[in-house]
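Undergrad: Sharing a structure here in structure tokens format.
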């Protein structure tokens, strides 16, 4: 394997559905902005994934791609701190998907929870397609292509990371046992020197006999520090301590993201499907109009009627945007009829418009300069392809396909 530190590498992507809303900002993008300063991040536009459900009408994909990329940039995703690219511009994804399909049991794909859920939700579409059945494996190829050790997901997406782990484990089991693996691993231990070799053997024994996870992490750190063994030897020793073969495709771990508490204008989850959203780059006048016309507690028919904030969708937004003093003002004023609903909404309008102000400012740089946006993505695609080629080189070699 190349000198990739998989535990420091993150991959995450979004299907291009057009301009994003504040639910995406609070649920995903704010986390991406934070992660890009802590890890080596690859963020991609999953345009092939969009085809799995919209194959019959792909006309909106192109505009949706560029609208979404501008939203990423407006939110603070920085091309200098992360790699931003488009899935279909890195065709290596398709090849790895094909190669992994050779070893993936059909039952693994059929049991992914979202497979049947999506078929139920999208009954009007014909989803009895190879592409839709295989989309979890395409996701696995996306992750394994960059040997990402961590994948930011919500709790409902953990199953997709788990199938990726199973695919990687199966691949390494089938192809990581090169001829003379144990002899080569033992030879690599000797190269570490007597003291480090003894420590490695002790840690290996503790992990394999006692399941000591701390010993496994200590052994990994020890191997990472070794200067006198090759990269191939290091990967053999990673696999050797776990009782398997050489680690060609590292198993990723889910990096659980905080659940987004961003409600829509009607109190449900913010979604374009419910038409209850505020756009990430929505104009201030439109934001103010949407908040002013929000449904409130039905008990408050007249200004003098007291209400219950918990029954009002406006309160859900206050919990996201308002400080403790403002929330107390809302609770007291609503229950006593001391404030009216329009008064209650005013601080929200101000807070949302203020949150969006820097997003609008950053977006202006890109909205009028599509060539700059295209250049950012083109550079990201080149960087992504370099990483993808490294992985495929190893995969092809392991599968006996690297011949002339």
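Numbering (UniProt numbering), first residue to last: 1 to 404. A virtual CB, placed ideally from N, CA and C, is assigned to each residue, including glycine.
Looking only at its chain, what residues have a beta carbon closer than 6 Å to the beta carbon of residue 284, apart from the 5 residues adjacent to it on each side?
TA: These residues qualify, in order along the chain: 353.
Undergrad: Would you report the Cα separation of residue 1 and residue 393, rounded to the nearest angstrom?
TA: Low per-residue confidence applies at residue 1: pLDDT is 44, beneath 50, and the placement is therefore not dependable enough to give any value.
Undergrad: Determine the closest residue to residue 297 out of 343, 334, 346, 286, with distance taken between C-alpha atoms.
TA: Checking every option, the nearest Cα to that of residue 297 belongs to 334.
Undergrad: If you count every other CB in all the chains shown that lies within 10 Å of the CB of residue 121, and 16 or more means buried, which is it?
TA: Taking all protein chains in view, the Cβ of residue 121 is surrounded by fewer than 16 other Cβ atoms within 10 Å, so the residue is classified as exposed.
Undergrad: Going by beta carbon distance, what residues of the same chain come within less than 7 Å of residue 373, once the five residues before and after it are set aside?
TA: 66, 69, 70, 366
Undergrad: Does the Cβ-Cβ distance between residue 189 and residue 237 come in under 8 Å?
TA: Contact flag set, yes.
Undergrad: Measuring CB to CB, does residue 82 end up less than 8 Å from residue 43?
TA: yes
Undergrad: Using DSSP with H/G/I as helix, E/B as strand and the rest coil, what is residue 341?
TA: helix
Undergrad: If I'm right that residue 381 touches residue 10 with Cβ under 8 Å, what's the distance once you round it to whole angstroms?
TA: Contact doesn't hold; Cβ gap of about 18 Å is too wide.
Undergrad: Pick helix, strand or coil for residue 253, following the three-state DSSP scheme.
TA: strand
Undergrad: Let me make sure I understand the geometry here. Which of 177, 228, 56, 344 has the alpha-carbon closest to that of residue 400?
TA: 177
Undergrad: Is residue 365 helix, strand or coil when you go by DSSP?
TA: helix
Undergrad: Where does the unbroken alpha helix (DSSP H) through residue 239 begin, and where does it stop?
TA: 231 to 241
Undergrad: Which residues in the same chain as residue 263 place their Cβ atom closer than 6 Å to its Cβ, once the five residues preceding and following it in sequence are excluded?
TA: 316
Undergrad: Please state whether the Cβ-Cβ distance between residue 47 and residue 79 is less than 8 Å.
TA: No, the pair does not count as a contact, with Cβ atoms beyond the cut-off.
Undergrad: Using a Cβ-Cβ cut-off of 6 Å (strictly less than) and excluding sequence neighbours within five positions of residue 387, which residues of its own chain qualify?
TA: Here the set comprises 146.
Undergrad: When burial is assigned at 16 or more other CB atoms within 10 Å of the CB, is residue 130 buried or exposed?
TA: exposed
Undergrad: Name the one or two DSSP bridge partners that residue 83 has.
TA: Per DSSP, 42.
Undergrad: Is the stretch 303 to 317 touching the stretch 253 to 268, taking contact as three or more C-beta pairs under 8 Å?
TA: yes
Undergrad: Whole angstroms is fine: what's the gap from residue 41's alpha carbon to residue 143's?
TA: Each residue's Cα considered, the two are about 12 Å apart.
Undergrad: What residue range does the beta strand (DSSP E) around residue 13 cover?
TA: 9 to 14
Undergrad: Figure out for me which residue from 375, 287, 23, 223 has the closest Cα to the Cα of residue 84.
TA: Cα-wise, what sits closest to residue 84 is 375.
Undergrad: Identify the continuous alpha helix (DSSP H) that holds residue 152 and give its terminal residues.
TA: Run containing residue 152: none in the alpha helix (DSSP H); it sits in the beta strand (DSSP E), 150 to 153.
Undergrad: Only counting the same chain, and skipping five residues up and downstream in sequence, which positions put a Cβ closer than 6 Å to that of residue 26?
TA: Counting only Cβ-Cβ distances below 6 Å, and skipping sequence neighbours, we find 260, 262.
Undergrad: Rounded to whole angstroms, what's the CA-CA distance from residue 293 to residue 250? Just pull it up for me.
TA: Cα to Cα, the separation comes out at about 51 Å.
Undergrad: Would you tell me roughly how many angstroms separate the C-alpha atoms of residue 341 and residue 248, rounded to the nearest one?
TA: 60 Å
Undergrad: Is the CB-CB distance between residue 405 and residue 306 below 8 Å?
TA: No information on residue 405 is available, as it lies outside the stretch 1 to 404 that the chain covers here.
Undergrad: Decide if residue 35 is buried, meaning its Cβ has at least 16 other Cβ atoms within 10 Å, or exposed.
TA: Counting Cβ neighbours within 10 Å, residue 35 comes out buried, since at least 16 surround it.
Undergrad: Tell me whether the beta-carbon of residue 73 lies closer than 8 Å to the beta-carbon of residue 280.
TA: no
Undergrad: Measure the Cβ-Cβ separation of residue 171 and residue 216 and say whether it is below 8 Å.
TA: No, Cβ-Cβ distance for residue 171 and residue 216 is not below 8 Å.
Undergrad: Look at residue 75 and residue 112 and say whether their C-beta atoms are less than 8 Å apart.
TA: no
Undergrad: Using DSSP bridges, identify the partner residues of residue 272.
TA: According to DSSP, residue 272 bridges with nothing at all.
Undergrad: Is the beta carbon of residue 163 closer than 8 Å to that of residue 207?
TA: no
Undergrad: Consult DSSP for residue 383 and reduce its assignment to one of helix, strand or coil.
TA: helix
Undergrad: Between the C-alpha atoms of residue 169 and residue 155, what's the straight-line distance to the nearest angstrom?
TA: Near 22 Å, if we compare the C-alpha coordinates of residue 155 and residue 169.
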